[in-house]
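Trainee: So the sequence shown is numbered by our numbering: it starts at 155 and just counts up by one.
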Amino acid sequence: MRVRRVYDEPSPSDGTRVLVDRVWPRGVRKDSLDAEWLTDVAPSAELRRWFGHDPERFAEFARRYRAELESEAAQRGLDRLRELAERGPVTLLTATRDVRHSHAAVLAKVLDESD
155 MRVRRVYDEP SPSDGTRVLV DRVWPRGVRK DSLDAEWLTD VAPSAELRRW FGHDPERFAE
215 FARRYRAELE SEAAQRGLDR LRELAERGPV TLLTATRDVR HSHAAVLAKV LDESD
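Below, the structure written as structure tokens:
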């Protein structure tokens, strides 16, 4: 499972591209992004605000986000991502600048663990 910024140029190795942010990224036209959009797997607004993209809070953010992924809606989204992964490569897209300390990185790890 790859993680890339939504602003990066698509690569032939991306496979299926899936936007996993709750909010549509700034400056990206909806008709220009060749990607599925799954909001159910994004962290809650409350958790995003608490985290504030602070790398020092990342471990606790990841723990809390994993707990949110236990919800029924998130599980449906995870099932969809697993279904796509069975067909070929999947790239998770996020607008976050620090991809390494993002929910998309946690999500990729969760999906890799379930393989």
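Even for Gly, the Cβ is constructed at its ideal location relative to N, Cα and C.
For the stretch 229-243 against the stretch 205-216, are there 3 or more C-beta pairs whose distance is under 8 Å?
Mentor: No contact exists between the stretch 229-243 and the stretch 205-216.
Trainee: Which partner residues does Glu-190 have in the DSSP bridge list?
Mentor: Here residue 190 is taken as the residue at index 36 of the sequence shown, counted from 1. For Glu-190, which the question treats as bridged, DSSP gives the partners Val-172.
Trainee: Nearest to Arg-217 by alpha carbon, out of Val-160, Arg-158 and Ala-259?
Mentor: Stepping through the sequence shown from its first residue, residue 217 is reached at position 63. Ranking the options by Cα distance to Arg-217, first place goes to Ala-259.
Trainee: Start and end of the alpha helix (DSSP H) containing Leu-223?
Mentor: Taking the sequence shown and counting its residues from 1, one reaches residue 223 at position 69. From DSSP, Leu-223 is part of no alpha helix (DSSP H); its letter is neither H nor E.
Trainee: In chain order, what are the residue ranges of uninterrupted beta strand (DSSP E) at least 3 long that sit wholly in the stretch 202-261?
Mentor: For the stretch 202-261, whole beta strand (DSSP E) runs of length 3 or above, ordered along the chain, are 244-248.
Trainee: Since Arg-183 sits in a beta bridge, which residues does DSSP pair it with?
Mentor: Counting from one through the sequence shown, the residue named residue 183 turns up at place 29. DSSP, once it has assigned bridges, lists no residue as partnering Arg-183.
Trainee: Just the Cα atoms here: how many angstroms apart are Leu-265 and Arg-236?
Mentor: Your numbering for residue 265 matches position 111 in the sequence shown. Your numbering for residue 236 matches position 82 in the sequence shown. Spanning the two alpha carbons is a distance of roughly 7 Å.
Trainee: Tell me whether Val-264 sits in a helix, a strand or coil according to DSSP, three-state version.
Mentor: Position 110 of the sequence shown, counted from the first residue, corresponds to residue 264. Helix, per DSSP.
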